[in-house]
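There are 2 protein chains.
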Amino acid sequence: MAMKAAGTDRPATIHDIAAICGVAASTVSRALSTPERVNIRTRARIEAVATELNYIPNIQAKALSSGRTGAVGVLVPDITNPFYFDLIRGTQLQLKAAGYTQLLVDTEESDEVEASSMEQLRKGADGIIVTASRLSDEALLSAAAKIPIVAINRDVPGVPAVVIDTPSATSQALDHLISLGHSRIAYVAGPVTSQSSTLRWDALAAAAEERGVDVRRLGPFAPKTQSGAAAADAAVHSGVTACIAFNDLIAIGMLQRLRERGIRVPEDMSVVGCDDIFGADFCNPPLTTMASPIEQAGRVAVSMLLAQLNPRGGGGTRNRSLMPTHLTVRGSTGMAPRAC
Amino acid sequence: MAMKAAGTDRPATIHDIAAICGVAASTVSRALSTPERVNIRTRARIEAVATELNYIPNIQAKALSSGRTGAVGVLVPDITNPFYFDLIRGTQLQLKAAGYTQLLVDTEESDEVEASSMEQLRKGADGIIVTASRLSDEALLSAAAKIPIVAINRDVPGVPAVVIDTPSATSQALDHLISLGHSRIAYVAGPVTSQSSTLRWDALAAAAEERGVDVRRLGPFAPKTQSGAAAADAAVHSGVTACIAFNDLIAIGMLQRLRERGIRVPEDMSVVGCDDIFGADFCNPPLTTMASPIEQAGRVAVSMLLAQLNPRGGGGTRNRSLMPTHLTVRGSTGMAPRAC
DNA sequence: ACGCGCTTGGCAACCGGTTGTCAGATGCAT
DNA sequence: ATGCATCTGACAACCGGTTGCCAAGCGCGT
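Chains A and B, in that order, are what the protein sequence lines are. Just so we're aligned: the first sequence equals residues 21 to 360 in my numbering. Just so we're aligned: the second sequence equals residues 21 to 360 in my numbering.
Written out as structure tokens, the structure is:
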């Protein structure tokens with residue numbers, strides 16, 4: 021039985037199995053994918069030989085003939101942004117559990133790279149999960165017509181989405197700052213193409229007006245720690261006593277810059293971040309930030325996508341999911357200077 | 021010309037192009053992949069039609085018929101470990117530049133997952149880059165016989181590798197600590213299956229003996245910040261005044277724990293990390309650590325792999341590359357308590 | 001005018017599976 | 001014994017390219 025392995029060293033195919041079992045290749049295919057379609061005895065023989073030959077189906081061939089690739093593309097604007105680590109891990113685990121392969125693509129914060137990646141993936145994947153898409157509504161919508169898509173942190177009617185509810189957490193942050201005596205507050209904006217940043221600002225501006233405090237907008241800034249220096253300087257210059265940053269990267273960068281300039285946090289300036297990324301808890305001072313279950317967001321996105329790919333009987337497919345967000349208070353926020 | 025787009029909405033194939041141009045499919049294939057094999061005029065026609073039809077070759081089919089998938093697997097033990105961010109970015113950029121696709125796989129620090137991923141990738145990729153492999157020498161060697169492999173931070177004779185020279189940086193760190201007056205030093209070890217950790221310890225122990233100082237080994241510890249607490253406690257209990265940690269994650273975790281316990285860094289205890297990951301510069305205090313060009317390591321690994329895949333005329337293929345490492349001194353190391 | 005070699009394009013097999021269709025075998029009722 | 005439905009497996013087409021081989025067409029030297 022075991023001696024036949026000596027022959028060819030290349031991976032076994034269904035034809036090898038078929039030859040050994042004395043059946044047709046199609047029978048082997050069915051035995052493996054549609055077991056009930058084949059007599060239990062032949063099936064047993066085939067399965068035995070398959071395991072003995074250490075048979076591994078060729079994914080390429082499978083994809084070519086069946087049209088299903090068993091892969092899902094995950095597009096992120098910047099792999100090195102810690103925010104995406106947990107998200108990626110979430111999608112990776114959930115996809116693996118469902119027997120899918122994850123194709124991770126870094127779109128380099130560019131709408132063009134994003135669009136071409138999608139076009140590429142149209143044949144190379146069964147579906148796409150796109151985070152913080154830089155595409156226009158129309159472009160995203162037309163892409164979604166060609167291949168199943170779930171968007172994360174991008175809300176376009178007609179495109180299933182997982183949205184992390186930072187806008188509402190923004191109000192929490194605002195109340196937190198107000199209760200500490202701050203009345204001159206800045207929103208440190210992210211990229212203009214980021215819908216998240218826009219929505220957050222809208223929510224913040226509305227809440228600020230409601231509460232009668234002065235919130236101004238600074239930026240835009242790139243979502244990197246390096247941008248934090250410029251953001252910090254802008255904040256200082258604007259005379260505010262507290263900032264709500266687009267994300268933790270910028271906030272941490274601001275922390276560094278403020279320290280360099282001898283401006284104490286939180287005594288002279290309070291800083292609130294967003295995302296609660298790796299590092300937010302051990303920077304100096306630890307960052308008050310808006311936290312949310314990022315990994316879970318990834319899992320939910322995968323579930324929604326798989327529901328689209330394999331429509332179940334129970335037609336109730338949710339096409340929008342809101343992830344809760346809460347404020348995590350750490351050391352970077354404190355009483356307003358005047359109030360002391 | 022443009023009206024034909026109205027017909028089928030599915031992606032164009034070479035057959036569509038062939039039909040329109042009145043040539044055979046094989047000619048189209050050659051025009052696109054072996055341009056010199058085809059008359060310049062027919063080629064021009066074909067290319068024009070191809071762009072007009074927005075033709076995108078089907079990767080699956082290409083892979084199936086040619087045997088080359090155009091993909092490279094990149095295996096990392098833990099996607100959420102910041103050390104790998106820059107590495108992944110390095111491989112991603114270099115692979116994309118060479119027209120390859122990156123398949124990123126999280127092996128969950130498990131040798132079994134790693135082995136099965138490799139087997140899977142044997143058909144799904146042209147080559148594999150494996151970081152910090154948990155596999156045995158034999159297993160890695162036999163895998164390398166089946167598919168081109170480049171290892172990162174894993175040195176097995178016969179397997180091309182990019183090695184980050186942390187062992188030699190370890191001596192620098194030791195001298196740094198000695199010059200600050202430390203004489204009782206601990207090495208906070210990583211996982212037992214990590215070759216890097218072993219090599220680092222060997223180098224450190226040798227250097228310590230040479231210099232006549234006492235260096236003991238603590239651990240092993242998992243390479244996560246959470247392990248830092250146990251590591252910090254072990255270090256305190258062992259009575260050392262300085263630690264060299266397996267990596268920055270552990271070191272940062274130690275910093276947090278030491279702070280909780282009211283032990284000042286660096287006054288009471290000095291801590292040296294390794295890798296200079298995201299966060300090492302803004303933790304509290306900023307971490308003295310051994311830095312190296314990680315992203316470049318990823319690029320080099322890709323270059324070595326591609327050289328294997330497409331053997332050039334100049335046969336001199338390097339199969340081992342050593343990345344330089346240097347000590348970056350920040351705030352987590354200082355004079356030994358006794359010496360003050 | 002002939003033979004030669006080079007260029008250029010077509011034919012067909014093949015990569016490794018999937019799937020529609022059909023025929024032989026089997027079992028059961030009539 | 002005949003008819004009919006059911007089960008089982010084989011055949012072959014197909015997915016979308018690649019590639020070895022062959023032949024027609026061409027220019028050129030003799």
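Glycine included, each C-beta is placed from N, C-alpha and C at the ideal position.
From the DSSP output, read off the bridge partner residues of residue i.
i, result
"B/H346", "B/A311"
"B/S341", "B/V182"
"B/C303", "A/C303"
In this structure, how does DSSP classify residue i when only helix, strand and coil are distinguished?
i, result
"B/I148", "strand"
"B/M23", "Its pLDDT being 39, under 50, B/M23 is placed unreliably in this model, and the coordinates cannot settle the point."
"B/G210", "coil"
"B/S352", "coil"
"B/A91", "strand"
"B/I169", "strand"
"B/S290", "strand"
"B/V96", "strand"
"A/P31", "coil"
"A/G273", "helix"
"B/D222", "helix"
"B/R281", "coil"
"A/S86", "helix"
"A/F103", "helix"
"B/D296", "coil"
"B/S156", "coil"
"A/P357", "coil"
Once you ignore the five residues that flank residue i on each side, which residues in its own chain have a CB closer than 6 angstroms to its CB?
i, result
"A/A25", "Because A/A25 sits at a pLDDT of 41, beneath the cut-off of 50, its placement in the model cannot be relied upon, and the following sentence gives the value as read from the coordinates. For A/A25, where only same-chain residues beyond five positions count, there are no Cβ hits under 6 angstroms."
"B/I99", "D126"
"A/A152", "P97 and N173"
"B/D157", "V176"
"B/T28", "With a pLDDT of only 49 at B/T28, under the threshold of 50, the placement of this residue in the model should not be trusted, and no figure is reported."
"B/A32", "L73 and Y75"
"B/R340", "A181"
Considering only residues of the same chain and omitting the five flanking positions on each side of residue i, which have a CB-CB separation below 7 angstroms?
i, result
"A/H35", "A45"
"A/F105", "F298"
"B/M23", "Any reading at B/M23 must be qualified, since the residue scores a pLDDT of 39, below 50, and its modelled position is unreliable; no value is offered."
"B/A135", "L155 and A159"
Check this for me: beta carbons of residue i and residue j, under 8 angstroms apart or not?
i, j, result
"A/V291", "A/T353", "yes"
"A/F241", "A/F266", "yes"
"A/G248", "A/Q215", "no"
"A/I172", "A/I149", "yes"
"A/A181", "A/V260", "no"
"A/V322", "A/Q140", "no"
"B/T186", "B/C294", "yes"
"A/V170", "A/M324", "yes"
"B/L307", "B/D253", "no"
"A/Q80", "B/A165", "no"
"A/D288", "A/T309", "no"
"B/A193", "B/L347", "yes"
"B/I270", "A/F302", "no"
"B/P18", "A/P211", "This structure cannot speak to residue 18 of chain B, because chain B is shown only from 21 to 360."
"B/V233", "B/M343", "no"
"B/G178", "B/L197", "no"
"B/I167", "B/G318", "no"
"A/V48", "A/I66", "yes"
"A/I37", "A/V69", "yes"
"B/I283", "B/V256", "yes"
"B/S217", "B/A209", "yes"
Below 8 angstroms CB to CB, which residues in the same chain sit around residue i once its five sequence neighbours on both sides are set aside?
i, result
"A/S188", "A223 and T345"
"B/G144", "T89, A91, G93 and L123"
"B/R279", "V285 and N304"
> Which runs of the beta strand (DSSP E) fall wholly inside the segment 172 to 218 of chain A and span at least 3 residues, in chain order?
Replying inline: 181 to 184 and 204 to 208
>> Ignoring anything shorter than 4 residues, give me the alpha helix (DSSP H) runs that lie fully in the segment 105 to 154 of chain A, in order along the chain.
In response: 131 to 144
> Going along the chain, which unbroken runs of the beta strand (DSSP E) with 3 or more residues stay wholly within the segment 231 to 270 of chain B?
Replying inline: 234 to 238 and 262 to 265
> Which parts of the segment 31 to 84 of chain B are runs of the alpha helix (DSSP H), unbroken and 4 residues or longer, counting only runs that do not cross its ends?
Replying inline: 34 to 41, 45 to 53 and 60 to 72
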